[in-house]
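Residue numbers (numbering that gives the first Met the number 0), protein chains in the order written: chain A, 0 to 739; chain B, 0 to 254.
Comments concern the structure below.
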Amino acid sequence: MYGKLILQNAKRSLKDYLIYIVTMTICAALFYAFLSISSSFYAPDIGVEYNITFLGEGMKLAICGITLLIFFLIQYVNHYMLLHRKKEFAIQAVIGMEKHMIGWLFFAETLAMGAVAIILGIILGAVLSQFIAAMLLTSYGQPYHFSWMLFPDTIVLTICFFAFVLLIVGIGNLRAIRNIKIIDMLYADRKNEPAIQKSKYMYIIVIVYWILLIAMTATGVSKVSYYYDSRLPVPVRVMYLGNIAAPAVSLMTGIVCALLWIRRGKFQWYLAAAAVLAAINAIFAASVHMLHQLYYLVGDDGTMRLYLLYMLFDVTFMVCCIIYLASNLLAGWKEQHPACKYKNTNLFFFGQMISRLSTASKTMTLICLTLVLSCFLFVAMPALTGWAEGYLAIRARYDIQVATRYNSVYDEADLPKDQYEILTDFLSENGIETSFDCAINLYLTRYDDFHNRKKYDFPVVAIALSDYNALRETQGYEPVCLEENEFTTQWREIATDDDRSAFLDEHAVITTDAGDYRLSENPCYTESIGEMIYNSYTDVIYVFPDTACEKFLPVMRDRFITMKESIPYDCAKELENRFLQIYPEEPDENTGVQYYLRMRTLQTNESKASTFILQTSMTYGAIVLVVMCLTVLSLQQLSESSQYRYRFGVLHKLGVEQHEQERLAFKQLAVWFGLPILVAVLMSILIIACFFQTIAVQIAAYVGWIVLLHQVAVMAGILGSLLLCYFIITYMLFKPVIYN
Amino acid sequence: MNEILRLEHIQKYYGNQGNLTKAVNDISFAVNAGEFVGIMGASGSGKTTLLNCISTIDTVSAGHIYLNETDVTELREKALTRFRRENLGFIFQDFNLLDTLTISENIALALTINHVPAGQIPKRVEEMAETLNISDILEKFPYQVSGGQKQRCACARAIVNNPKLLLADEPTGALDSHSSQMLLCTMQRINEQLGATILMVTHDAFSASYTNRILFLRDGLIFTEIRKGGDSRKVFFEKILDVLTMSGGGVTDVR
């Protein structure tokens with residue numbers, strides 16, 4: 000009997016369950032699709048030089064972590080369903096059904112619907128997983144072929160995860176139904192509109208922000224005491240002092256306002272002032288990193304991160320204030336413009352929006368902040384993955400590179416002179432043929448520099464012209480010519496034009512152990528010849544004629560090998576193990592030399608796997624967050640359809656035409672969706688601009704601004720399409736509300 | 000006297016041929032300008048259906064309704080909406096106020112919908128609030144005032160546009176006796192002082208005693224009609240009770 004009731008209920012309320020099923024299906028599909036490549040049954044043909052085991056484990060962790068967010072979304076949708084069905088439950092209770100039985104019936108219904116959604120989700124996920132597989136194969140440089148496959152372990156994991164979530168949420172629903180009074184359920188849809196009053200959460204946020212302002216002021220004072228100097232440029236001094244003054248003024252304003260205004264109910268005036276001051280705070284915090292880069296100021300990474308964090312706090316506080324004050328702003332604007340207020344149905348529209356913004360500002364703020372995070376993930380992803388890929392292309396230029404560091408060597412007799420024969424033996428043992436093999440020395444131009452180990456004054460090393468040309472040749476560049484008394488320079492990609500010209504201006508002529516040398520006509524070369532060749536903390540090497548190098552002190556001994564074919568992954572791993580046993584990366588106990596072995600196979604594997612995990616988890620996270628926000632925004636409108644039905648009904652009785660009601664509904668939805676999105680976009684632009692500014696050098700070197708902007712535009716397009724889909728669906732579902 | 004509303008052989012059926020319910024069965028009557036007419040009857044007698052047809056919210060199955068010589072049964076949906084907006088005022092049992100707007104804004108909404116110039120609105124709202132004695136609650140929200148005040152606000156909203164006909168469906172249904180009395184006095188005053196034409200549906204004899212003429216409905220037909228004439232309200236009330244006793248059934252109905 001009850002089974003029949005469950006099925007009939009589920010069938011009858013299929014339309015009500017539509018949002019539930021759609022949300023669950025999307026969640027299950029995304030979960031399955033992103034997790035499918037971590038399946039042990041997934042074995043794409045990506046070549047012997049790649050191994051995706053590491054990738055699978057990483058993906059599993061990242062996806063499961065992010066998916067916990069989905070838990071909240073499912074709970075929210077369930078809560079909506081519960082609200083929607085309250086009256087029905089009341090009737091069942093009135094006719095004598097026990098509450099726990101009603102709860103179980105609802106649980107069984109949601110479980111049945113959940114099962115349908117999971118099955119649909121897995122099917123949809125199998126289609127979506129093709130895109131993920133295509134992404135993976137593209138990133139490994141392999142062609143993609145469509146292959147329809149279902150992975151049993153991923154299916155089991157998906158079912159287990161969602162069954163667990165449904166169980167937890169279901170138990171919550173059971174408890175909720177047991178605790179509601181029948182009378183409350185019966186009149187749930189006839190409940191009066193709660194008094195339009197704002198939640199008290201903003202007071203807590205203000206207090207937390209005050210505590211942060213104290214921390215910001217203290218940080219500012221400590222930085223000034225460490226680094227402030229009256230000889231510093233004016234902008235830098237303003238930055239240092241501003242980072243004390245701005246938070247201190249914000250704090251003082253808060254305290255004064257608390258004493259003068261808050262008690263008189265003028266909390267909103269304080270918030271308006273606080274939002275403006277938070278914007279000034281954010282500008283000062285953001286200027287720290289910018290000015291450090293511009294003026295090469297002394298400062299540690301911790302300080303930079305701390306100020307970025309402060310900027311985020313300021314921006315978050317601003318968002319909270321703006322959303323909280325939105326209803327006041329709208330109400331104020333309405334009173335200032337009576338002509339607009341009394342035009343057609345504007346009064347109704349203002350009433351709807353002010354009421355909604357006042358009672359749901361907390362949800363709106365959370366949505367807004369989540370959207371900011373999602374936008375950031377969407378936009379930061381191409382920058383970070385582009386950086387990783389660009390950097391990989393630059394550093395993995397040889398199949399095998401051996402580099403050394405003498406940072407812990409204090410006796411010149413201990414400097415490395417090895418030929419690394421172990422490599423030659425291993426390659427011949429495994430029948431791997433080389434196409435280029437070169438062992439080179441890197442020299443100090445002055446013997447006195449050997450003991451110079453100051454981080455910011457580390458000596459630039461030199462390479463012999465013949466070695467340099469050999470490396471250039473193997474990378475496909477033209478050889479370089481030098482006169483006997485000339486030298487030239489080779490630069491890292493990361494170095495900027497300003498860096499180069501400043502260095503070259505200072506080093507037009509240098510004095511070496513082999514005499515004075517001047518810069519050649521072609522003073523610098525920027526084509527990449529590998530990252531390992533530069534000395535610690537430097538972005539440049541000198542190139543000297545071979546005769547000069549004979550008189551220099553060789554401090555580093557490197558070897559570069561390229562193969563006719565790629566080294567298989569397993570071979571590379573074995574070679575790495577053997578090499579590290581003899582040549583450790585940690586300073587050698589006897590000599591202090593540090594050895595580094597870099598193999599293209601391993602570098603590519605690790606980098607591609609990490610980049611892919613980063614790319615997919617950021618994309619997945621961004622999509623999940625944006626889906627969550629848009630679903631909540633949508634449900635907030637739909638869940639109160641009875642109220643809206645009543646209000647539009649009143650308009651209908653007062654003689655407002657149908658098309659005017661439709662226009663009003665459209666406007667209402669447009670503002671409801673538009674406001675958090677607009678605020679989020681503005682805040683995201685601010686944060687992303689700061690983020691891009693902090694990694695501007697890397698973007699210019701490894702990604703390129705045009706490429707990045709193109710990718711950002713694509714991401715914005717995806718976000719815009721998602722928003723449009725949700726808006727249209729919500730409008731279609733909302734429209735029947737006005738047809739009484 | 001000017002005839003403002005005329006109903007000619009109104010019929011309203013629900014259901015289909017096999018299961019036909021006659022809610023209103025051939026009703027004809029007329030209302031003159033400035034009249035306060037009550038429609039009484041037991042549950043299911045068809046009084047609300049009749050009011051819905053007059054108010055153009057529902058359509059008739061047969062017959063004609065003329066309001067100021069306009070046959071509303073011939074109007075299309077768009078014209079009906081406009082007609083309703085410009086000619087009719089409504090007072091409902093459950094107030095039908097918008098809880099997102101203040102009392103003054105609820106009244107102003109009726110004016111804005113009729114495209115009254117913005118400059119005139121605050122003055123007209125204040126005047127109307129003064130007439131209905133709700134000036135001190137204008138800036139409050141509906142959930143902050145009593146039921147009686149809400150209904151007076153609904154009343155103000157209904158008459159602020161000077162409608163040709165004011166329709167009230169059980170206006171005292173959700174009010175306590177004191178609030179009911181105050182509202183009925185107000186309605187009587189706007190009828191007498193402002194010359195508003197009112198058609199009120201009620202099943203309460205006390206409320207009906209404030210009107211000038213009452214139509215009694217039974218099974219979709221006008222059973223009888225009484226007029227107040229020169230009688231006092233008390234005498235009229237007793238007459239109503241007599242009719243109700245008579246219509247409620249004689250000894251033959253108590254079996």
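Beta carbons: idealized from backbone N, C-alpha and C, even for Gly.
All values derive from a computational prediction rather than experimental measurement.
When the Cα atoms are used, B/G229 and B/F235 turn out to be separated by approximately 9 Å. Assignment of A/C437 by DSSP, reduced to helix, strand and coil, places it in the strand class.
C-alpha of A/V126 to C-alpha of A/V625: approximately 21 Å in a straight line.
Taken in chain order, the unbroken stretches of beta strand (DSSP E) that lie wholly in the stretch 531-585 of chain A and span 3 residues or more are 539-543, 552-562. Taking a Cβ-Cβ cut-off of 8 Å, B/R217 has no neighbours in chain A, whose nearest Cβ is about 28 Å from it.
In the structure shown, A/G331 falls within a helical segment according to DSSP collapsed to helix, strand and coil. Secondary structure note for B/M199: its beta strand (DSSP E) is the uninterrupted segment 197-201. In the structure shown, A/V655 falls within a coil segment according to DSSP collapsed to helix, strand and coil.
The closest CA to that of A/N521, considering only A/G514, A/T510, A/M289, A/L503, is found on A/L503.
Taken through DSSP and simplified to helix, strand or coil, B/Y209 comes out as coil. The C-alpha of A/I69 lies about 44 Å from the C-alpha of A/M531.
Secondary structure note for A/M352: its alpha helix (DSSP H) is the uninterrupted segment 345-358.
When Cβ-Cβ separations below 8 Å define contact, A/V649 makes contact with chain B. DSSP places A/H709 within a helical segment (H, G or I) once states are collapsed to three.
Within the model, the alpha-carbon separation for A/D313 versus A/A278 is close to 7 Å. Leaving aside the five residues that flank A/G57 on each side, the residues in its chain whose CB is nearer than 6 Å to its CB run, in chain order, I612. Rounded to the nearest angstrom, the gap between the Cα atoms of B/A195 and B/E34 is 7 Å. Cα atoms of B/C184 and B/V71: separation of roughly 31 Å, rounded to the nearest angstrom.
When 9 Å is used as the limit between beta carbons, A/Q335 is near no residue of chain B, the shortest such separation being about 13 Å. Here the C-alpha atom of B/L182 lies approximately 30 Å from the C-alpha atom of A/N345. Around the beta carbon of A/M310, a 10 Å sphere encloses 16 or more other beta carbons of the protein chains shown; the residue is thus reported as buried.
Along the stretch 655-671 of chain A, going in chain order, the ones with a CB nearer than 7 Å to a CB of chain B are V655, E656. A/P458 is positioned such that its CB atom lies no closer than 8 Å to that of A/N406. Exclusion of the five residues before and after B/A61 leaves Q10 as the residues of its chain whose Cβ lies within less than 6 Å of its Cβ. Contact with chain B is absent for A/Q267, since none of that chain's Cβ atoms lies less than 8 Å from the residue's Cβ.
Boundaries of the alpha helix (DSSP H) around A/M627: 599-637. Taken in chain order, the whole alpha helix (DSSP H) runs of length 4 or more contained in the stretch 202-281 of chain A are 233-259.
Only those residues of the stretch 41-54 of chain B whose C-beta falls short of 9 Å from the nearest C-beta of chain A are listed: S54. The beta carbon of B/N161 sits no closer than 8 Å to any beta carbon of chain A. In the DSSP secondary-structure assignment, A/T403 is bridged to A/Y594.
Selection A/I213, A/A32, A/F105 evaluated against A/D152 yields A/A32 as nearest (Cα-Cα). Against chain B, the CB of A/N345 has a partner CB under 8 Å away; the residue lies at that interface. Within the same chain, and ignoring the five residues on either side of A/D300 in sequence, no residue has its Cβ closer than 6 Å to its Cβ.
Within the stretch 475-541 of chain A, the runs of beta strand (DSSP E) at least 3 residues long that lie entirely inside it are, in chain order, 485-490, 508-511, 514-524.
The residues D98, in chain order, have a CB closer than 7 Å to that of B/Y142 in the same chain once the five nearest residues on each side in sequence are set aside. Closest in alpha carbon position to B/N51, among B/E191, B/S145, B/R83, is B/R83.
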